[in-house]
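As structure tokens, the structure follows; a few thoughts come after it.
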Amino acid sequence: MTTRSRFLQLAATLLLFAAIPPATPAAEAPKKLLVVTATVGFPHSSIPTAEKVLAQLGEKTGVFTVDIVGSGPRPRDKAQATAWMEKMTKDLAEKMNPEALKKYDGFIFANTTGVLPLPDKKAFLESIRGGKAFIGMHSASDTFHAEEGAPDPYKSGLIDPYTRMLGGEFRVHYAQVPIDCLVVDPKHPSTTALGDVFKIAQEEVYLMKNYDASRVHELLVLDKHPNDKGVWGRFPVSWCSNYGQGRVFYTSLGHREDVWDPDWKDGKGVRLNSPEVAERYQAHILGGIKWALGLEPGDAKPQTR
Numbered sequence: 003m004t005t006r007s008r009f010l011q012l013a014a015t016l017l018l019f020a021a022i023p024p025a026t027p028a029a030e031a032p033k034k035l036l037v038v039t040a041t042v043g044f045p046h047s048s049i050p051t052a053e054k055v056l057a058q059l060g061e062k063t064g065v066f067t068v069d070i071v072g073s074g075p076r077p078r079d080k081a082q083a084t085a086w087m088e089k090m091t092k093d094l095a096e097k098m099n100p101e102a103l104k105k106y107d108g109f110i111f112a113n114t115t116g117v118l119p120l121p122d123k124k125a126f127l128e129s130i131r132g133g134k135a136f137i138g139m140h141s142a143s144d145t146f147h148a149e150e151g152a153p154d155p156y157k158s159g160l161i162d163p164y165t166r167m168l169g170g171e172f173r174v175h176y177a178q179v180p181i182d183c184l185v186v187d188p189k190h191p192s193t194t195a196l197g198d199v200f201k202i203a204q205e206e207v208y209l210m211k212n213y214d215a216s217r218v219h220e221l222l223v224l225d226k227h228p229n230d231k232g233v234w235g236r237f238p239v240s241w242c243s244n245y246g247q248g249r250v251f252y253t254s255l256g257h258r259e260d261v262w263d264p265d266w267k268d269g270k271g272v273r274l275n276s277p278e279v280a281e282r283y284q285a286h287i288l289g290g291i292k293w294a295l296g297l298e299p300g301d302a303k304p305q306t307r
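Using my numbering, read the sequence shown as starting at 3 and increasing by one per residue.
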């Protein structure tokens with residue numbers, strides 16, 4: 003082969019390699035989330051809507067996939083209620099035993115209530131402390147209530163470990179009302195789509211106990227009592243925090259179906275919240291989920307006031 007032929011062959015080879023596009027990094031596999039909607043207390047009618055919306059958000063974004071473990075409402079018949087509890091206990095044991103917890107990147111408690119029969123609550127909390135995500139919606143704070151009778155549960159140790167992880171506990175709610183949620187941290191992924199104020203035409207607002215603002219990073223608050231606008235104060239609506247190596251995001255919003263789903267209407271074809279409210283709520287929780295999974299940055303340090 004002549005020198006010219008070798009040169010032409012080499013040039014052709016180089017051109018061939020130049021035409022091959024560079025390898026792109028493989029897309030990151032979606033995170034795996036366990037959505038828990040089991041209830042021992044009040045069963046919210048919005049649970050099926052919440053399950054549907056969370057699954058859709060995962061599918062649309064490709065960020066996460068969901069497994070769901072629920073219970074449905076407690077039957078009134080005593081024998082049926084016993085079988086219902088046995089099935090819930092079995093389902094939770096299957097999805098939330100210490101070995102099963104390992105396959106999930108995080109957990110969503112969406113409108114859970116009461117003392118859930120977890121197979122190993124300590125192992126569950128330790129998995130979050132070890133680096134997994136926890137996301138709570140609405141009555142996630144009405145789950146595993148603290149013991150009563152302590153003037154300062156944080157100091158006495160009588161606060162439930164779940165509440166300590168979450169950062170606050172449901173105390174009471176009154177009638178549903180219009181609310182203006184003030185955005186405290188507009189740079190957090192859970193609030194970037196909300197502007198300065200997240201207005202909701204109708205929602206059930208939780209008033210909290212065992213809540214300490216110096217332990218969490220506030221995201222949304224009310225500056226007036228939701229049911230008595232003459233009473234000024236600071237009423238927490240949403241917050242986040244670090245829990246060991248894990249991240250915790252909570253929003254007390256999510257009671258109503260039309261807060262969750264822009265397409266939902268009642269049996270008469272009516273909704274009180276606009277579709278835009280539900281779209282902004284979905285952006286709120288999606289940002290919180292991404293932050294809790296460590297996919298987007300955001301502050302978790304308590305604010306000083």
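Built from N, CA and C at the ideal position, the CB exists for glycine as well.
Straight-line Cα distance separating E298 from P24
Here residue 24 is taken as the residue at index 22 of the sequence shown, counted from 1. Here residue 298 is taken as the residue at index 296 of the sequence shown, counted from 1. Its pLDDT being 46, under 50, P24 is placed unreliably by the model, and the measurement read from it follows with that caveat. In a straight line, the C-alpha of P24 is about 27 Å away from that of E298.
I need the DSSP call for E298, collapsed to helix, strand or coil.
If you number the sequence shown from 1, residue 298 lands on position 296. DSSP places E298 in coil when its eight states are reduced to three.
Unbroken beta strand (DSSP E) run spanning W86, endpoints:
To locate residue 86, count along the sequence shown from 1; it is residue 84. For W86, there is no enclosing beta strand (DSSP E); the enclosing alpha helix (DSSP H) covers residues K80 to M98.
Find the nearest neighbour of G43 within the set F66, K62 and P77, judged by alpha-carbon distance.
Sequence index remark: in the sequence shown, residue 43 carries index 41 (1-based). Out of F66, K62 and P77, P77 has the C-alpha closest to the C-alpha of G43.
What is the residue span of the alpha helix (DSSP H) that T165 lies within?
Indexing the sequence shown from 1 puts residue 165 at position 163. From DSSP, the alpha helix (DSSP H) with T165 extends over P163 to L168.
Applying the criterion that 16 or more other CB atoms from any shown protein chain within 10 Å of the CB defines a buried residue, is N212 buried or exposed?
Walking along the sequence shown from the start, residue 212 turns up at place 210. By the neighbour-count rule (16 or more Cβ atoms within 10 Å), N212 is buried.
Residue nearest to V272 in terms of C-alpha spacing, selected from T253, D260, V279 and A280
Working through the sequence shown from its first residue, we reach residue 272 at position 270. It is D260.
Look up R249 in the DSSP assignment and give the residues it is bridged to.
If you number the sequence shown from 1, residue 249 lands on position 247. Answer by DSSP bridge pairing, in chain order: A135 and N244.
Ignore the nearest five residues each way along the sequence and tell me which others in Y256's own chain have a CB closer than 6 Å to its CB.
On the sequence shown, residue 256 is found 254 positions in, with the first residue counted as 1. Just to set this straight, residue 256 is Gly in the shown sequence, not Tyr. Here the set comprises M139 and H140.
Indicate whether the contact test is met: 3 or more Cβ pairs, each with one atom in the segment 176 to 185 and one in the segment 118 to 135, closer than 8 Å.
no
Can you check which of these residues, T51, G296, P304 and G300, is closest to W133 by C-alpha distance?
Counting from one through the sequence shown, the residue named residue 133 turns up at place 131. Note on identity: in this sequence residue 133 is Gly, with Trp being the wrong assignment. Here the closest residue by C-alpha is G296.
Closest by C-alpha distance to L56, when choosing among L35, T41 and K97
Within the sequence shown, residue 56 is the residue found at index 54, counting from 1. Of the candidates L35, T41 and K97, the residue whose Cα lies closest to the Cα of L56 is L35.
With a 10 Å radius around its C-beta and 16 neighbouring C-beta atoms as the bar for buried, classify W293 as buried or exposed.
Along the sequence shown, one-based indexing puts residue 293 at 291. It counts as buried.
Limits of the unbroken alpha helix (DSSP H) element including T306:
The count along the sequence shown starts at 1 and reaches residue 306 at position 304. Looking at the DSSP string, T306 is not in any alpha helix (DSSP H), and its letter there is neither H nor E.
Going by the DSSP bridge assignment, what does I181 pair with across the sheet?
Reading the sequence shown from its first residue, position 179 is the one you call residue 181. The partner list for I181 (beta bridge, DSSP) reads I202.
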